[in-house]
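Take a look at the structure set out below.
Printed below as a string of structure tokens:
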């Protein structure tokens, strides 16, 4: 009885430790995020799914998918006048890096965009910085510079032309597109 | 000029003047256009505008220029905000020759100045326009001029007359004969957006498309002789700089380097083009010698350096940089590379233009999270916010430095607006055809030449 209680406590402490470790690692070491993805693959294999492939492309050969076959996020959002990539996006960017490493003859265009506030030419520069921030992470993860092209559209291609905080946040983005 | 004061008694005169009448099309066929800007809405003028009467011009029967010419002159003067033209229906008499003028009639209407004129066609198919400007108080003629032009040039004559009247009375050169460049964007947010670079008279009439594309166009600027324009086009899939003749004859893709090719601005002598290139990895300012096409790099800083413009003497470049953490305006002396920061107030100052006097700066300024056009006296460090709308951008100065045109939003639609550099006079130029943006006011252009009357 007592032993059971102790084990229970130990489990709770261990779980808490895992959670804390998980949290801190998302912020600093995004690589840990890959762990669940690999596990999913194993589970899939156990479930006897025919394709044991890693991240790659969907049937259309352009939509990037992770190891489980789900589409990977291609759009990454930024703060006002900021070009810092959110740590929450590192996992998806790692998948893109993996896909590009595995397919060295495939290329991506990283398009940087801004919201409609501020001047058009300054936003052209800011959009380029956003595209470069995304590219830098791909390159740091082993992708060849020659596989990436950065383009800035500044505030010229809005996804939401409305004038409110929600629309602005939707417009401040970088989009990864496979060629 | 008028004293600079922020205490404005709003005159919201909102004179919604209608476009000139269809009857006019008889003599307009040669320059018919479809996408003119809409009716201009005058929001605000000076507190005590000058009363002026422009009497309908007498004309031969075959011409319908008569009141339309007077209307155009009245509308030009009204838009300056400094004049309050008398409506023709309020006039007691309609003199067209000096001997028919009774100054008493004009004093009753509290008119300070009077303009009369005539338009006649001759055997060669030309029209001859004569007008005379009077000072009502002194009952004297101030000047008189003749024009002999082709019928389709009647608008040019009208704007020129407004320029001459404005200069005679205010002492400042008129800019009514100038043009504006702007981008008309249609179908934004749809599958088929359309961008047109257009040029029109400053009253929005006679609009003409210089270039049309399914890709964005921005940052249009004029060469100092008004013959060429430079702008940024995404036609290659990335921002490139294009050089084009205003008459439409020549068009050239000037630069299309990797990264940004942006912010083209002609030097005051027209020999060089300042621009922004990010081919080295981050946006830097370059100057291209247009004859040799040689590029000279001006800035060298990992921060954003963009939106260059020239001082009127061509010796300095002012530009936007976030090298201090936020976008601010800097000035660089080209001969010495001496760099100076110009703006110290606000957390976002960008796209500055120097006034012809070289002492005052207009730029985009963020205050309380809202973007406005601001004016700064560089000597006395005095800042004046000129506009009250939202998302105001791309200020471009009239060549006489009296007013500037900028882009803003009106009910989620991009429109153009004009404000005097003292903030007292305001009017809007909307377009029902789509969003209008990225305005650029032309330099003084070669115009119709009058002979003394």
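Chains as they are written, first to last, in this note's numbering: chain A, 1 to 179; chain B, 180 to 632. Glycine is no exception: its CB is placed at the ideal position from the N, C-alpha and C atoms.
Neighbour-count burial assignment, residue 463(B), 16 or more Cβ in a 10 Å radius | buried
Pull out every residue of the segment 99-123 of chain A whose Cβ sits closer than 7 angstroms to any Cβ of chain B, in chain order. 116, 117, 118, 119, 120, 121 and 122
Would you mind working out which of 365(B), 411(B) and 336(B) sits nearest residue 147(B), comparing C-alpha positions?
Since the first residue shown for chain B is 180 and the last is 632, residue 147(B) is missing from the structure and cannot be characterised.
Leaving out the 5 sequence neighbours to the left and right, which residues in its chain are closer than 7 angstroms to residue 135(A) when beta-carbon positions are compared?
110, 148 and 150
Original post:
What did DSSP end up calling residue 92(A) once you bin it into helix, strand or coil?
Top reply: helix
query: Residue range of the alpha helix (DSSP H) that residue 343(B) falls in?
result: 333-349
| query | Below 8 angstroms between beta carbons: does that hold for residue 528(B) and residue 502(B)? | reply | no
Nearest CA to the CA of residue 287(B): which residue from 272(B), 279(B), 294(B) and 277(B)? 272(B)
In chain B, which residues lie less than 9 angstroms from residue 163(A) when you measure between Cβ atoms? 569, 570, 588 and 591
| request: Could you please give the first and the last residue of the uninterrupted beta strand (DSSP E) stretch that includes residue 313(B)? | output: 306-314
ask   = What are the start and end residues of the alpha helix (DSSP H) that includes residue 128(A)?
value = 120-140
Report task. Could you tell me the distance, in whole angstroms, from the CA atom of residue 467(B) to the CA atom of residue 357(B)? Result -> 27 angstroms
Item to complete: Quick one: list the residues of chain A neighbouring residue 368(B), beta-carbon separation under 9 angstroms, in chain order.
Response: 158, 159, 160 and 161
* Asked: Beta carbon of residue 537(B), beta carbon of residue 491(B): below 8 angstroms?
  -> yes
Since residue 179(A) and residue 108(A) are thought to touch, with beta carbons under 8 angstroms apart, how far apart are those beta carbons, to the nearest angstrom? 7 angstroms
Check your understanding: residue 171(A) by DSSP, collapsed to three states: which one?
Key -> helix
Around the Cβ of residue 226(B), are there at least 16 other Cβ atoms within 10 angstroms (buried) or fewer (exposed)? exposed
**Asked** Any idea what DSSP makes of residue 274(B), helix, strand or coil?
**Response** coil
Counting Cβ pairs, one atom from each stretch, are 3 or more of them under 8 angstroms apart for the segment 455-462 of chain B and the segment 117-126 of chain A? yes
Q. Under a three-way DSSP split, which group does residue 502(B) fall into?
A. coil
Coil, strand or helix - residue 552(B) by DSSP = strand
Note to self: So if DSSP puts residue 71(A) in a beta bridge, which residue, or which two residues, is it bridged to?
What the structure shows: 65(A)
key: Best match in 297(B), 235(B), 278(B) and 230(B) for proximity to residue 265(B) [C-alpha to C-alpha]   = 230(B)
Practice item. Would you verify that the beta carbon of residue 174(A) is, or is not, closer than 8 angstroms to some beta carbon of chain B? Key: no
Determine the DSSP secondary structure at residue 445(B), reduced to helix, strand or coil. strand
Under a CB-based cut-off of 8 angstroms, is residue 506(B) close to chain A? yes
Pull up the DSSP beta-bridge partners for residue 605(B), would you. 223(B) and 598(B)
Write down the C-beta distance between residue 555(B) and residue 587(B) rounded to the nearest angstrom, noting that I regard them as a contact closer than 8 angstroms.
Not confirmed; about 20 angstroms, so no contact.
Give the secondary structure of residue 179(A) by DSSP, where H, G and I count as helix, E and B as strand, and everything else as coil. coil
Open item on the list: Using C-beta distances below 6 angstroms, list every residue in its chain close to residue 72(A), excluding the 5 sequence neighbours before and after it, in chain order.
Closed with: 64, 66, 92 and 95
query: Helix, strand or coil: how does DSSP classify residue 557(B) here?
result: coil
Taking 8 angstroms as the limit between beta carbons, can you name the residues of its chain near residue 434(B), skipping five residues before and five after?
419, 420, 440, 454, 456 and 467
- With hydrogens ignored, establish whether the beta-carbon of residue 249(B) is closer than 7 angstroms to any heavy atom of the ligand PLP. Absence of the ligand PLP from the depicted structure is noted, as is the absence of any ligand whatsoever, leaving it without description.
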